[in-house]
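For reference, the structure is listed below as structure tokens.
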Amino acid sequence: MQTSTRNKLLLKRSLAAVWHPCTQMKQHERLPLVPVARGSGCWLYDFDGKRYLDAISSWWVNLFGHCNPRINAALAAQLEDLEHVILAGFTHEPVVMLSERLSRLTGGVLGHCFYGSDGASAVEIALKMSFHYWRNTGSPGKTRFVSLAGSYHGETLGALSVTDVALFKDTYAPLLRASAQVPSPDWRLAEKGESPPDFAVRRAHALERHFERHHAETAALIVEPLVQGATGMAMYDAEYLRRARALCDRYGVHFIADEIMTGFGRSGSFFAYEQAGIAPDFLCLSKGITGGYLPLSAVLTRDTIYQAFYDDQITRGFLHSHSYTGNPLACRAALATVDIFEQDGVIEANKAKCGRINEAAREIAQHPKTGNFRNTGMIWAFEVKSADAEFSRRFFEQALARELLLRPIGNTVYFMPPYVINDEEIALLTQRTLDIIAVL
Ligand SMILES: *Cc1c(COP(=O)(O)O)cnc(C)c1O
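Under our numbering, the letters of the sequence shown match residues 732 to 1171, in that order.
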């Protein structure tokens, strides 16, 4: 079959049979789907060989490029041994090795690891564990959760309850359990002349006032450390996390770090919370955990919390499961991903790369049509001044026409490239982004 025919046929069949995520499907009457036949490094290709630079790491999951030879090899080897086995009552090498290594990456502070299949299920697990811990330890009244304004923690009902993005939440509000939101330390909201750390301190006072009134019924605070992703890459100072940690300790509230996006080096350190010199009580991981290969999530917690479930009575245990919990293939992909971090000194190498990307993006940062240019680790974002209600869609289309996969959130354009992006690709990304800003 002719390749272009193959592209067209795929789009037609996709619209007829696939319900695509986070999409008003009718929009595809005007906006064609993008067929992808294969991937290599930072690039995606259709059947004609038309290519797109994956500058958002395919929804923030891909770390070391598409079809990475090392992860491919690890998966191929695992396929020869074991594809899957029930994790209740059984165990296997990949899940044990991954649990040990993740724990080591927290400095051993979080000693036990529970598995789910995606980010939202990790959040559900952390919320349920926190509540259940308090119940097991004689504080059954601690049933409430608090999150930051604009936070995103996933879209299943429990996770959506602590999410605060109107577009995703409002329709389902009658189905959700109420949770509290405290003001975000997002430095774009600071007063003129107020530094990000000063603003973080002021916002921490708001959290303190919330705890003063509500600590007795509050089980946990859940935060996206340093960067609130889905609300539009809101960035804030680590001082907020230090203060929040201290307040959680003072008021007897768990600290849940949702590092589903920020984990695995995305924030510049392996975990974002490290930059505050603190440790959480629960750590939710997903997205980059398998290098963007397979669905997997993990919730790490302290052994003291684990011990509160360890009992003769069955119902004091954490009776939660997903069919694919601890899938060996996914764990093996995660182990290969952690190997690459160690073997290639990725955290250090990314620091230099980050500097080069900031250099290449200088004209974007200084452009009269952009504002709030910001960077944390391997995440860049800026707002584009535009009154166009369709800005995000039009930018996306202009980007595709220039071989770029970019998906602005409202007027916020962000880069979240795979860590293997090279200098030539960086130049292409920043130059063509400037071209789009010029025409929009
Ligand atoms: C993506 C994301 C989630 C949800 O993960 P899914 O795998 O999409 O369910 C939760 N929290 C944060 C911070 C995320 O970025």
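Think of the CB as a built atom: it goes at the ideal place given N, C-alpha and C, for glycine as much as any other residue.
Residue i: which of the options sits nearest, CA to CA?
i: ALA1091; options: LEU1159, MET1109, PRO1026; result: LEU1159
i: PRO763; options: GLU1128, THR1143, ALA807; result: GLU1128
i: GLY994; options: HIS945, GLY850, ILE1088; result: GLY850
i: SER677; options: LEU888, MET992, GLY838; result: Nothing can be reported for residue 677, as the shown portion of the chain is limited to 732 through 1171.
i: ALA857; options: ALA1118, PHE1049, ILE1078, VAL1151; result: PHE1049
i: ASN799; options: GLU814, ARG782, ARG769, ILE787; result: ARG769
i: GLU831; options: LEU1066, ARG1087, ILE1140, ALA808; result: LEU1066
i: TYR883; options: GLU990, ALA786, ASP785; result: GLU990
i: ILE1140; options: PHE899, SER771, VAL827; result: PHE899
i: THR1115; options: ALA935, LEU1165, ASN1081; result: It is Val, not Thr, that sits at residue 1115 in the sequence shown. Ranking the options by Cα distance to VAL1115, first place goes to LEU1165.
i: GLY869; options: ARG761, ALA1039, ILE1167; result: ALA1039
i: VAL1170; options: PHE1126, LYS873, VAL896; result: PHE1126
i: ALA1064; options: ARG1047, TYR1041, GLY1019, ASN1103; result: GLY1019
i: ALA807; options: ALA1120, TYR1024, THR822, ILE1168; result: TYR1024
i: GLY737; options: TYR776, HIS759, ALA1061; result: In the sequence under discussion, the amino acid at residue 737 is Arg, which differs from the Gly named in the question. Selected option, being the one with the closest Cα: TYR776.
i: LEU794; options: ALA1120, THR1046, SER1017; result: SER1017
i: LEU746; options: ASN803, GLU1073, ARG761, LEU1060; result: ARG761
i: TYR864; options: PHE1013, ASP1070, GLN1074; result: PHE1013
i: ARG1087; options: ALA1003, SER861, ASP1154; result: ASP1154
i: ALA804; options: ILE1071, ALA1130, ILE1157; result: ILE1071
i: ARG934; options: ARG944, PRO928, PRO927, PRO916; result: PRO916
i: GLU886; options: LYS873, LEU906, GLY872; result: LEU906
i: LEU1060; options: GLU811, CYS773, GLN755, ASP785; result: GLU811
i: ALA897; options: GLY963, CYS773, HIS751, ALA853; result: GLY963
i: LYS859; options: SER735, LEU741, ARG835, VAL1030; result: VAL1030
i: ASN1142; options: THR1161, VAL958, ALA965, CYS1062; result: ALA965
i: LEU836; options: ALA1120, SER1117, ALA1003; result: ALA1003
i: PHE778; options: ASP1075, ALA1120, HIS823, SER735; result: SER735
Within the present structure, is the beta-carbon of residue i separated from the nearest heavy atom of ligand 1 by less than 7 Å?
i: PHE1017; result: Just to set this straight, residue 1017 is Ser in the shown sequence, not Phe. Because some heavy atom of ligand 1 lies under 7 Å away, the Cβ of SER1017 counts as near it: yes.
i: ALA961; result: yes
i: ALA857; result: no
i: ASP849; result: yes
i: ILE787; result: no
i: VAL854; result: yes
i: MET860; result: no
i: ASP917; result: no
i: ILE1140; result: no
i: MET1147; result: no
i: MET966; result: no
i: GLU955; result: yes
i: ASP989; result: yes
i: MET992; result: yes
Could you pull the start and end residues of the alpha helix (DSSP H) that residue i belongs to?
i: ILE953; result: Segment 949-954 is the beta strand (DSSP E) holding ILE953; no alpha helix (DSSP H) there.
i: LEU863; result: Per the sequence shown, the amino acid found at residue 863 is His instead of Leu. 850-867 is the span of the alpha helix (DSSP H), which, as asked, contains HIS863.
i: GLN1162; result: 1154-1170
i: VAL827; result: 824-836
i: ASN803; result: 800-812
i: LEU740; result: 734-748
i: TYR971; result: 970-982
i: TRP790; result: 788-791
i: LYS900; result: 897-900
Does any heavy atom of ligand 2 sit closer than 7 Å to the C-beta of residue i?
i: TYR883; result: Ligands displayed in this structure: ligand 1; ligand 2 is not among them.
State the start and end residues of the unbroken beta strand (DSSP E) segment that holds residue i.
i: HIS936; result: Careful: HIS936 lies outside any beta strand (DSSP E), inside the alpha helix (DSSP H) at 927-945.
i: CYS1015; result: 1013-1016
i: TRP774; result: 774-776
i: VAL1030; result: 1028-1032
i: CYS844; result: 843-847
i: GLY1177; result: There is no way to answer for residue 1177, as the model of the chain reaches only from 732 to 1171.
i: PHE876; result: 875-879
i: LEU891; result: From DSSP, LEU891 is part of no beta strand (DSSP E) but of the alpha helix (DSSP H) over 888-893.
i: GLN912; result: 911-913
i: TYR783; result: 782-785
i: PHE1040; result: First-last for PHE1040: undefined, no H or E at that position.
i: CYS986; result: A small correction: the amino acid at residue 986 is Phe; Cys does not occupy that position in the sequence shown. Segment 985-989, the beta strand (DSSP E) holding PHE986.
For chain B, is any of its Cβ atoms less than 8 Å away from the one on residue i?
i: TRP750; result: Absent from the structure: chain B. Only one protein chain is present.
Taking contact to mean 3 or more Cβ pairs, one atom from each stretch, closer than 8 Å, check whether the region 986-999 and the region 1109-1116 are in contact. yes
Please give me, in chain order, every unbroken run of the beta strand (DSSP E) with length at least 3 that falls completely inside the region 1055-1143. 1101-1107, 1110-1115
May I ask you to verify whether the region 1087-1102 touches the region 933-953, counting CB pairs closer than 8 Å and requiring at least 3? no
- Using 8 Å as the Cβ pair cut-off and three pairs as the minimum, do the region 931-942 and the region 967-980 touch? yes
### Query
Is the region 917-924 in contact with the region 835-849, if contact means three or more CB pairs nearer than 8 Å?
no
Notebook entry, point to check: Taking one C-beta from the region 1070-1089 and one from the region 1150-1157 each time, how about it: are there three or more such pairs within less than 8 Å?
Noted result: yes
How do the region 1025-1045 and the region 782-791 stand: do at least 3 beta-carbon pairs fall below 8 Å, yes or no?
no
For this session: Inspect the CB distances between the region 802-820 and the region 1051-1064 and report whether three or more fall short of 8 Å.
Result: yes
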